[in-house]
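Numbering (full-length UniProt numbering), first residue to last: 1 to 234. So the structure is just underneath, and the comments pick up after that.
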Amino acid sequence: MDISIAQEEESSGELSPLKVHLFDTDNAITRFLNGQTVLDLQNSKLFSNSDPPNSIPKHLNRSLSLNLGPVTRRGFQLAFSYAGECVFIASIRLYYRACPDIVSNLTSFVKTGAHSGPVLGHCVEGAVESSPPVRECDMDGVWRSQQGVCSCERGHEEMDNTCKACRLGYYKSTNGRGECQLCPPNTRTTKKRSENCECLKGFSRLPSDPHDLGCSSKESFFLILIMIFKNAFT
């Protein structure tokens, strides 16, 4: 809240504060009740009852960016109470702060009111959660650091805060930050976002072979099998 007020000096010498009350409710308040007091405002420049009305602007005190705190309902009401002799409210401006839409760390977060609690993000297309991504919007409208992680899934690599599908001839077999790898010798992919490469016609490899191992011709493949069986029985 931005507010401009002027206060009259009091004969007792003790200045009463202008109390600001916040009612976090959707229902209309028909009579003043004791709400939450969020601010006590006082002026340092006071006017006297002998000052002409046109001199009051000289005694205005303008307070900017006063924090009224969070609200939880669709509506709220603001009230003022004053026990002193006279107070003049010249202007009031109410506004809220919010954190903007953001995409970072492969996670998108939507615009959120300041100090509204933890916000769950969503992994960008082609990414998966390693742990739930969460951020909080501070009172000044700035996002806090992200908790939780999104990472590119298999068949995708990180590029400009997005997860791009692996090109033809490339593959990625695990989730995480790794890049797409060129298919090993005698292998290929038949589509984008491939998780592994298949052997070319006329070439083979064992089911237990790693994805980064190339394929051998059938003659070489059978020789390998023979050597494996021979070693097993000797």
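Heads up, the beta-carbon is just placed ideally off N, CA and C, and yes, glycines get one too.
When the beta-carbon positions are compared, T162 and L206 stay at least 9 Å from each other.
In this structure, C99 is the residue among F203, C99, P53 and E129 with its C-alpha nearest to the C-alpha of H115.
Cβ contact annotation for V149 (same chain, cutoff 6 Å, sequence separation greater than five): S130 and S131, in chain order. In this structure, L78 lies away from N43, with their beta-carbon atoms at least 9 Å apart. Shown here, N54 sits in a helix according to DSSP, grouped into three states. Taking C-beta separations shorter than 6 Å and ignoring five residues to either side along the sequence, S65 has no partners in its chain. Judged by pairs of C-beta atoms under 8 Å, the region 108-122 touches the region 131-145, as three or more such pairs exist. The criterion of a C-beta distance shorter than 9 Å is not satisfied by D2 and R73. With a minimum length of 3 residues, the unbroken runs of beta strand (DSSP E) contained wholly in the region 143-211 fall at 147-152, 156-159 and 162-165.
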